[in-house]
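Laid out in structure tokens, this is it:
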């Protein structure tokens, strides 16, 4: 994370050109609605992440950073819109400058371009949650549990963890399918071996009895023990091991296939029928079919996402996360299609297993056909076997299954025409062969036994390996889920504790025993809060909207603390503090100061009082706060404390924009009058809405200043301090002259501001007004230290002074 | 401070090692995979779990 040192913003959102010195500290930006505060937040967010969530977040369809990021007058010149941020990275103890143009948001210029600096800034760019706006607070609180779970998972980047879990689960499923296939092959090879040996169970004793009978006939030593290295045909002369055709064994294989073929029409019939029914349902409902096809398409796309560009249509997105969210939302919409998809794949796997079994039964007969020179039948069997193996593969994918409707309807096994006849012919041909001599029969029996035992052992080895692989994947998946659950429970526990503690800290006067409960369950995250010790309820049940807002901020802070820990050094809170009711603002400031001493918050508020409270609570200072008094499309935000206001007014007048100059002057006078009224203790009739106007403020300030001059003159006389008396007299004269001048021009200002008679004013009319007020305000300001004068101390004041004491009027007379 | 993903990955590997049910070579391969910040694909895990027990030299 980082801290913000300075920002230079040009032509971004509502800002024309603005420089702010953030001083790496918590910073307040205040101003009325529409004065450009959020534009600053947008610009900083853009500078750091390349994105503006206000334009690309929920409910912002049709808005883009490229089109709507630049100032409205610069939409055709996006190159002119850029943000330059100077940041400090505490972990690296380095400062860096990041410059980002709206025309090329993904390629910021970073100086220095050190890899560690780039990595640190890339991490920030990956965390849009550094910005919290007013409209986003409630997404944590007033939201259904499933959505809250999604929101919080997104902010904590739990979706990445979800991807890992999904990948492990898919791996487990793939290996399970492979294990089933391997087990089927074991069964096929086992059957083949048993058939050949003419035994019913694969016991070593039975096997050796069958083999030793032939070995004895050939005069070979009996095999006493069956080990992994045992060769059943050991001892046969090399020449004798050549042919492995054994007539009786071949006949058994042929008969076995012939018997099996009787059951072919019903093989996996129910599973195939279920697939056909689901496919028919899809044909009847084109929307469902489209959803299913889209689903498969989107799943593939989601798997291929590697950046902000859609792999399906090449459309560029703001970032990869937005693209992922979009694709996931599409997947969620097709729940029914998902159900059908799962059923199709399950039944497809069942048919595939049957196909493997048949292919295994064809293998020995194919060998016989080849041995008998039945090239035609051998070719037919080879083709059929390859077809079944291909079918097996197709049945394990959605695309494959949906393309097999005709095949499944016509009979998925696709037994070749005349198969039964050909098989019968081959059987007759084998039967017609002369019986082998007892010796040859025994020899071929042993060689075939060895071949089939080897095949069985190989199938067993592969099956064992497949089983180990599946068990490993299963163990890994289950272990990952367990680790995930433990960590998430710990996470929610710590978030719950922090959230409760933060909320209690803000509401310590009336909810000092507040507690909350975050309960995660599958796909949901329930939040319940204690209401005045009457029990746990959903946040919206009894708490006021203001309290719910406060909960939103507290939950956000708790989540950020958990997400970043010590690295939570920066957050943009856009009009969020308004959520805290006026009675608890000091506590909120205290919370930020005590719980997040190393975090720089950039806080905007449209409430002038809130801005003042942040200062008096010590959260910000005069140097770490800025106030906008208004905004115009030509100037952007107008800064209240801006000492260049006179230049700005002069510039507006030079362009003949009297209305702009008059509004700026009026706002500046309002700001300074309010400040001076406060600093000098001017007496102003109280207004419950605190909506004091210039007419309320300025006369009271002038009156108070005259009074203070009088007091200072009296004090100087009482002390016999002639120099002080002269200084007071000089200031009194200057104020009287300036005040008289403004009175003369007052009508003009009032007209210009109140009655909108802009058309009646020319540059020449307004220039004297500006000059008069400039002189008047100069009477309250110290140029050397650039500060406004104030009365000190506030209670029982003794002097009027400036920050550097160049102006220092004693108001306390010598005691008599 | 480690990220949540890193914490889960560490706990996951530690639990696997403790269980003594998975070959050390596979755990090592998983560790290498998880150390990579990119998105992992199911086939990469299939490859690891399909390694012969005790390594791939057999």
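Protein chains in written order, with this note's numbering: chain H, 28 to 843; chain W, 216 to 273.
We put the CB at the ideal spot given by N, CA and C, even for glycine.
Min CB distance residue i to chain H below 9 Å
i, result
"residue 272 of chain W", "Reliability fails at residue 272 of chain W, whose pLDDT of 43 lies under 50, so the model's placement of it is uncertain and the value that follows must be treated cautiously. Residue 272 of chain W does not count as touching chain H."
"residue 257 of chain W", "yes"
"residue 241 of chain W", "yes"
"residue 254 of chain W", "yes"
Neighbouring residues, chain W, relative to residue i (Cβ below 8 Å)
i, result
"residue 506 of chain H", "227, 230, 231 and 234"
"residue 502 of chain H", "231, 234, 236 and 237"
Where residue i falls, given that 16 or more other Cβ within 10 Å makes a residue buried
i, result
"residue 236 of chain W", "exposed"
"residue 652 of chain H", "buried"
"residue 29 of chain H", "buried"
"residue 202 of chain H", "buried"
"residue 266 of chain H", "Note that residue 266 of chain H scores 49 on pLDDT, short of 50, meaning its location in the model is unreliable; the coordinates nonetheless yield the value given after this. It counts as exposed."
"residue 504 of chain H", "buried"
"residue 698 of chain H", "buried"
"residue 655 of chain H", "buried"
"residue 216 of chain W", "Because residue 216 of chain W carries a pLDDT of 45, less than 50, the predicted location of this residue cannot be relied on, and the following value inherits that uncertainty. By the 10 Å Cβ count, residue 216 of chain W comes out exposed."
"residue 664 of chain H", "buried"
"residue 822 of chain H", "exposed"
"residue 199 of chain H", "buried"
"residue 609 of chain H", "exposed"
"residue 476 of chain H", "buried"
"residue 466 of chain H", "exposed"
"residue 242 of chain W", "buried"
Within-9 Å CB hit, residue i to chain W
i, result
"residue 496 of chain H", "yes"
"residue 492 of chain H", "yes"
"residue 333 of chain H", "yes"
"residue 714 of chain H", "no"
"residue 143 of chain H", "no"
"residue 462 of chain H", "no"
"residue 339 of chain H", "no"
"residue 589 of chain H", "yes"
"residue 330 of chain H", "yes"
"residue 30 of chain H", "no"
"residue 33 of chain H", "no"
Bridge partners - residue i, DSSP secondary structure assignment
i, result
"residue 221 of chain W", "None, per the DSSP bridge assignment."
"residue 600 of chain H", "H:159 and H:630"
"residue 791 of chain H", "Paired residues: none, contrary to the question."
"residue 42 of chain H", "H:39"
"residue 663 of chain H", "H:659"
"residue 815 of chain H", "H:808"
"residue 247 of chain W", "Bridge partners of residue 247 of chain W: none, in fact."
"residue 125 of chain H", "H:112 and H:137"
Closer than 8 Å: residue i CB and nearest the ligand GDP heavy atom
i, result
"residue 370 of chain H", "The ligand GDP is absent from the structure shown, which contains no ligand whatsoever."
Amino acids of chain W, ordered along the chain, whose beta-carbon sits closer than 7 Å to that of residue i
i, result
"residue 499 of chain H", "237, 241 and 264"
Within chain H, the residues that residue i reaches when beta carbons sit closer than 7 Å
i, result
"residue 222 of chain W", "514"
(message) Against chain W, which members of the segment 186-215 of chain H pass a CB distance test of less than 7 Å?
(response) Under the 7 Å Cβ criterion, the segment 186-215 of chain H contributes 187, 188, 190, 191, 194, 195, 197, 198, 201 and 202.
(message) Using a Cβ-Cβ cutoff of 8 Å, what residues of the segment 508-538 of chain H are near chain W? List them in chain order.
(response) Cβ contacts with chain W come from 509, 510, 511, 513, 514 and 518.
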